[in-house]
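Colleague: Next up is a structure, given as C-alpha coordinates.
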Amino acid sequence: MKVDRMQAFSDGVYAILITILVLDFNVPEYRAGHLLAALVKQWPTMFAYIVSFLYIGTVWLFHHDFFQTLKLTNTSLNVINLVMLFSMTLIDYPTALVAHSLTVGNVADMRVAFIYYDLVALFISLTFAWLYTYVRHHSELTKMKQDQQHFYQAIKFDPIRSVSIYGLAILATFFSIWLGTFLLLAGIVYHFVAYLRLSKSMRHVLKASK
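Numbered according to this note's numbering, the sequence shown spans residues 47 to 256.
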(Lines of atoms letter the chains of each structure in order from A; the text may use other names.)
(Lines give C-alpha, C1' and ligand atoms only; values in the text may rest on other atoms or scores of the structure.)
Protein backbone atom coordinates (compact mmCIF):
# COMPACT_ATOMS: atom_id res chain seq x y z
CA MET A 47 0.00 0.00 0.00
CA LYS A 48 1.18 3.52 -0.75
CA VAL A 49 1.77 5.98 2.06
CA ASP A 50 -0.10 8.98 0.58
CA ARG A 51 -3.46 8.17 2.13
CA MET A 52 -1.95 7.45 5.54
CA GLN A 53 -0.05 10.75 5.43
CA ALA A 54 -3.19 12.68 4.46
CA PHE A 55 -5.14 11.13 7.35
CA SER A 56 -2.29 11.81 9.79
CA ASP A 57 -1.95 15.44 8.67
CA GLY A 58 -5.68 15.90 9.29
CA VAL A 59 -5.36 14.56 12.83
CA TYR A 60 -2.46 16.90 13.63
CA ALA A 61 -4.37 19.86 12.20
CA ILE A 62 -7.41 19.06 14.35
CA LEU A 63 -5.26 18.67 17.47
CA ILE A 64 -3.74 22.11 17.03
CA THR A 65 -7.17 23.61 16.34
CA ILE A 66 -8.65 22.08 19.48
CA LEU A 67 -5.95 23.76 21.58
CA VAL A 68 -7.39 27.16 20.67
CA LEU A 69 -10.77 26.21 22.16
CA ASP A 70 -9.32 26.67 25.66
CA PHE A 71 -9.33 30.42 25.07
CA ASN A 72 -12.41 32.22 26.38
CA VAL A 73 -13.21 35.89 26.91
CA PRO A 74 -12.55 36.42 30.64
CA GLU A 75 -15.01 37.95 33.04
CA TYR A 76 -13.94 41.50 33.83
CA ARG A 77 -15.21 44.87 34.94
CA ALA A 78 -15.26 47.66 32.36
CA GLY A 79 -11.83 49.22 32.11
CA HIS A 80 -10.06 46.15 33.58
CA LEU A 81 -9.73 43.92 30.52
CA LEU A 82 -5.92 44.06 30.54
CA ALA A 83 -5.71 42.74 34.09
CA ALA A 84 -8.11 39.92 33.20
CA LEU A 85 -6.05 39.01 30.14
CA VAL A 86 -2.84 38.93 32.17
CA LYS A 87 -4.47 36.46 34.53
CA GLN A 88 -4.98 34.14 31.56
CA TRP A 89 -1.21 33.70 31.08
CA PRO A 90 -1.35 30.00 32.12
CA THR A 91 -3.68 29.25 29.21
CA MET A 92 -1.35 31.02 26.78
CA PHE A 93 1.70 29.29 28.26
CA ALA A 94 0.14 25.83 27.98
CA TYR A 95 -1.09 26.61 24.45
CA ILE A 96 2.32 27.76 23.19
CA VAL A 97 4.11 24.74 24.70
CA SER A 98 1.65 22.24 23.25
CA PHE A 99 1.50 24.00 19.87
CA LEU A 100 5.28 23.83 19.56
CA TYR A 101 5.25 20.22 20.74
CA ILE A 102 2.57 19.06 18.29
CA GLY A 103 4.12 21.11 15.50
CA THR A 104 7.54 19.57 16.04
CA VAL A 105 6.14 16.04 16.16
CA TRP A 106 4.24 16.74 12.93
CA LEU A 107 7.51 17.86 11.29
CA PHE A 108 9.05 14.57 12.46
CA HIS A 109 6.14 12.57 11.10
CA HIS A 110 6.06 14.40 7.78
CA ASP A 111 9.78 14.09 7.07
CA PHE A 112 10.15 10.54 8.31
CA PHE A 113 7.34 9.27 6.11
CA GLN A 114 9.01 10.93 3.14
CA THR A 115 11.60 8.15 3.42
CA LEU A 116 8.93 5.49 2.85
CA LYS A 117 7.62 4.23 -0.46
CA LEU A 118 5.16 1.65 0.91
CA THR A 119 3.24 0.86 4.05
CA ASN A 120 1.62 -2.31 5.39
CA THR A 121 -0.89 -3.36 8.01
CA SER A 122 1.63 -3.36 10.87
CA LEU A 123 2.95 0.08 10.02
CA ASN A 124 -0.60 1.41 9.72
CA VAL A 125 -1.34 0.11 13.22
CA ILE A 126 1.84 1.69 14.58
CA ASN A 127 0.85 4.98 12.98
CA LEU A 128 -2.62 4.79 14.55
CA VAL A 129 -1.10 4.19 17.99
CA MET A 130 1.19 7.19 17.43
CA LEU A 131 -1.80 9.34 16.50
CA PHE A 132 -3.70 8.05 19.54
CA SER A 133 -0.80 9.08 21.78
CA MET A 134 -0.85 12.56 20.24
CA THR A 135 -4.59 12.99 20.79
CA LEU A 136 -3.98 12.60 24.53
CA ILE A 137 -1.98 15.85 24.71
CA ASP A 138 -4.97 18.23 24.67
CA TYR A 139 -6.31 17.09 28.04
CA PRO A 140 -3.09 17.54 30.09
CA THR A 141 -2.65 20.89 28.33
CA ALA A 142 -5.97 22.00 29.81
CA LEU A 143 -5.03 20.53 33.20
CA VAL A 144 -1.72 22.41 33.28
CA ALA A 145 -3.42 25.69 32.35
CA HIS A 146 -6.13 25.24 35.00
CA SER A 147 -3.78 24.15 37.78
CA LEU A 148 -1.44 27.09 37.12
CA THR A 149 -4.42 29.44 37.27
CA VAL A 150 -5.60 28.02 40.60
CA GLY A 151 -2.06 27.87 41.97
CA ASN A 152 -2.45 24.77 44.13
CA VAL A 153 0.95 23.05 44.27
CA ALA A 154 -0.39 19.50 44.63
CA ASP A 155 -2.68 19.95 41.62
CA MET A 156 0.12 21.51 39.57
CA ARG A 157 2.33 18.50 40.33
CA VAL A 158 -0.38 16.08 39.15
CA ALA A 159 -1.02 18.08 35.98
CA PHE A 160 2.65 18.29 34.97
CA ILE A 161 3.28 14.60 35.72
CA TYR A 162 0.25 13.73 33.59
CA TYR A 163 1.69 15.82 30.75
CA ASP A 164 5.09 14.14 31.16
CA LEU A 165 3.54 10.68 31.03
CA VAL A 166 1.75 11.47 27.77
CA ALA A 167 4.96 12.91 26.29
CA LEU A 168 6.85 9.79 27.38
CA PHE A 169 4.21 7.60 25.71
CA ILE A 170 4.53 9.61 22.48
CA SER A 171 8.30 9.12 22.46
CA LEU A 172 7.87 5.38 23.00
CA THR A 173 5.61 5.15 19.94
CA PHE A 174 8.31 6.86 17.85
CA ALA A 175 10.88 4.39 19.17
CA TRP A 176 8.53 1.60 18.04
CA LEU A 177 8.20 3.21 14.60
CA TYR A 178 11.97 3.60 14.18
CA THR A 179 12.61 0.00 15.20
CA TYR A 180 9.95 -1.43 12.91
CA VAL A 181 10.99 0.47 9.79
CA ARG A 182 14.67 -0.22 10.43
CA HIS A 183 13.90 -3.94 10.24
CA HIS A 184 11.70 -3.59 7.13
CA SER A 185 13.90 -1.86 4.60
CA GLU A 186 11.61 -3.02 1.78
CA LEU A 187 9.19 -0.25 2.83
CA THR A 188 11.73 2.55 2.40
CA LYS A 189 13.19 4.55 -0.47
CA MET A 190 16.62 4.05 1.05
CA LYS A 191 18.99 1.41 -0.21
CA GLN A 192 22.41 0.59 1.19
CA ASP A 193 22.47 3.79 3.26
CA GLN A 194 19.56 2.85 5.52
CA GLN A 195 21.80 1.76 8.40
CA HIS A 196 23.73 5.03 8.15
CA PHE A 197 20.45 6.93 8.42
CA TYR A 198 19.32 5.06 11.54
CA GLN A 199 22.74 5.23 13.12
CA ALA A 200 22.30 8.99 13.31
CA ILE A 201 18.77 9.01 14.77
CA LYS A 202 18.03 5.65 16.43
CA PHE A 203 18.67 6.83 20.01
CA ASP A 204 16.65 10.06 19.77
CA PRO A 205 13.31 8.58 20.98
CA ILE A 206 15.09 6.81 23.86
CA ARG A 207 16.76 10.06 24.89
CA SER A 208 13.35 11.74 24.83
CA VAL A 209 11.91 8.99 27.04
CA SER A 210 14.80 9.50 29.46
CA ILE A 211 14.25 13.27 29.62
CA TYR A 212 10.53 12.88 30.33
CA GLY A 213 11.26 10.16 32.87
CA LEU A 214 13.62 12.54 34.67
CA ALA A 215 10.98 15.27 34.45
CA ILE A 216 8.47 13.01 36.21
CA LEU A 217 10.90 12.23 39.02
CA ALA A 218 12.00 15.86 39.36
CA THR A 219 8.40 17.11 39.56
CA PHE A 220 7.89 15.16 42.79
CA PHE A 221 10.56 17.34 44.38
CA SER A 222 10.35 20.58 42.39
CA ILE A 223 7.60 21.58 39.99
CA TRP A 224 9.80 24.19 38.37
CA LEU A 225 12.68 21.78 37.77
CA GLY A 226 10.21 19.31 36.32
CA THR A 227 8.79 22.05 34.09
CA PHE A 228 12.29 22.95 32.92
CA LEU A 229 12.97 19.32 31.98
CA LEU A 230 9.63 19.08 30.19
CA LEU A 231 10.50 22.16 28.12
CA ALA A 232 14.00 20.75 27.55
CA GLY A 233 12.40 17.59 26.16
CA ILE A 234 10.38 19.60 23.66
CA VAL A 235 13.44 21.62 22.63
CA TYR A 236 15.34 18.35 22.21
CA HIS A 237 12.60 17.11 19.87
CA PHE A 238 13.28 20.05 17.58
CA VAL A 239 17.05 19.51 17.68
CA ALA A 240 16.49 15.82 16.90
CA TYR A 241 14.16 16.79 14.06
CA LEU A 242 16.90 18.93 12.49
CA ARG A 243 19.28 15.97 12.75
CA LEU A 244 16.72 13.62 11.16
CA SER A 245 16.01 16.07 8.34
CA LYS A 246 19.70 16.51 7.57
CA SER A 247 20.37 12.75 7.62
CA MET A 248 17.28 12.08 5.50
CA ARG A 249 18.29 14.53 2.78
CA HIS A 250 21.77 13.04 2.66
CA VAL A 251 20.58 9.44 2.41
CA LEU A 252 17.81 10.07 -0.12
CA LYS A 253 20.20 12.01 -2.32
CA ALA A 254 22.72 9.16 -2.17
CA SER A 255 19.98 6.59 -2.94
CA LYS A 256 19.00 8.21 -6.24
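Here a beta-carbon is modelled for each residue, glycine too, at the ideal position from N, C-alpha and C.
DSSP state of residue 104, grouped into three classes?
Modeller: As a first step, residue 104 is located in the sequence shown; it is residue number 58 there, counting from the start. In the structure shown, residue 104 sits in a helix (DSSP, three-state: H, G or I).
Colleague: For residue 183, count neighbouring Cβ atoms within 10 angstroms of its own Cβ and tell me buried if that reaches 16, exposed if not.
Modeller: Position 137 of the sequence shown holds residue 183. Residue 183 should be labelled exposed.
Colleague: Which two residues bound the contiguous alpha helix (DSSP H) that contains residue 213?
Modeller: Taking the first residue of the sequence shown as 1, we reach residue 213 at position 167. Run containing residue 213: 204–221, per the alpha helix (DSSP H) assignment.
Colleague: Just reading off the alpha helix (DSSP H) that residue 56 is part of, what are its end residues?
Modeller: Position 10 of the sequence shown holds residue 56. Its alpha helix (DSSP H) spans residues 50–68.
Colleague: Helix, strand or coil, according to DSSP, for residue 128 in the structure here?
Modeller: Your numbering for residue 128 matches position 82 in the sequence shown. The answer is helix: DSSP assigns residue 128 an H, G or I state.
Colleague: Roughly how many whole angstroms lie between the Cα atoms of residue 198 and residue 178?
Modeller: Within the sequence shown, the letter at position 152 stands for residue 198. Within the sequence shown, the letter at position 132 stands for residue 178. Between residue 198 and residue 178, the C-alpha separation is close to 8 Å.
Colleague: Tell me whether the beta-carbon of residue 206 lies closer than 7 Å to the beta-carbon of residue 166.
Modeller: If you number the sequence shown from 1, residue 206 lands on position 160. If you number the sequence shown from 1, residue 166 lands on position 120. Not closer than 7 Å, so no.
Colleague: Just to confirm, are residue 173 and residue 133 a CB contact at a threshold of 7 Å?
Modeller: Numbered from 1 along the sequence shown, position 127 holds the residue referred to as residue 173. Numbered from 1 along the sequence shown, position 87 holds the residue referred to as residue 133. Yes. Within cutoff.
Colleague: Taking the alpha helix (DSSP H) that residue 171 belongs to, which residues open and close that run?
Modeller: On the sequence shown, position 125 is the one that residue 171 refers to. Per DSSP, residue 171 belongs to the alpha helix (DSSP H) from 153–182.
Colleague: Under 6 Å Cβ to Cβ from residue 159, same chain only, skipping five residues before and after it: list those, please.
Modeller: Taking the sequence shown and counting its residues from 1, one reaches residue 159 at position 113. So the list reads 143, 144 and 147, once near-sequence residues are dropped.
Colleague: For the 8 Å Cβ check, are there 3 or more pairs between the region 94–104 and the region 234–248?
Modeller: yes
Colleague: If you draw a straight line from the C-alpha of residue 70 to the C-alpha of residue 85, how long is it?
Modeller: The count along the sequence shown starts at 1 and reaches residue 70 at position 24. The count along the sequence shown starts at 1 and reaches residue 85 at position 39. Taking the straight line from one Cα to the other gives about 14 Å.
Colleague: Give the DSSP-derived three-state secondary structure of residue 82 in the structure shown.
Modeller: Here the question's residue 82 lines up with position 36 in the sequence shown. If DSSP states are grouped into helix, strand and coil, residue 82 belongs with the helices.
Colleague: Pull up the DSSP beta-bridge partners for residue 116, would you.
Modeller: Position 70 of the sequence shown, counted from the first residue, corresponds to residue 116. Looking at the DSSP assignment, residue 116 forms a beta bridge with 188.
Colleague: Express the C-alpha separation of residue 180 and residue 162 in angstroms, rounding to a whole number.
Modeller: As a position in the sequence shown, residue 162 is number 116, starting the count at 1. As a position in the sequence shown, residue 180 is number 134, starting the count at 1. Taking the straight line joining both Cα atoms gives about 27 Å.
Colleague: Among the residues of its own chain, which have a CB less than 7 Å from the CB of residue 112, if the five just before and after it don't count?
Modeller: Along the sequence shown, one-based indexing puts residue 112 at 66. Apart from the 5 residues on each side of it in sequence, residue 112 sits with its Cβ closer than 7 Å to the Cβ of 244 in its chain, given in chain order.
Colleague: Of the residues 115, 140 and 126, which one's Cα is nearest the Cα of residue 230?
Modeller: Along the sequence shown, read from residue 1 onward, the residue named residue 230 stands at position 184. Comparing Cα positions, the closest option is 140.
Colleague: What three-state label does DSSP hand residue 243 in the structure shown?
Modeller: Counting from one through the sequence shown, the residue named residue 243 turns up at place 197. In the structure shown, residue 243 sits in a helix (DSSP, three-state: H, G or I).
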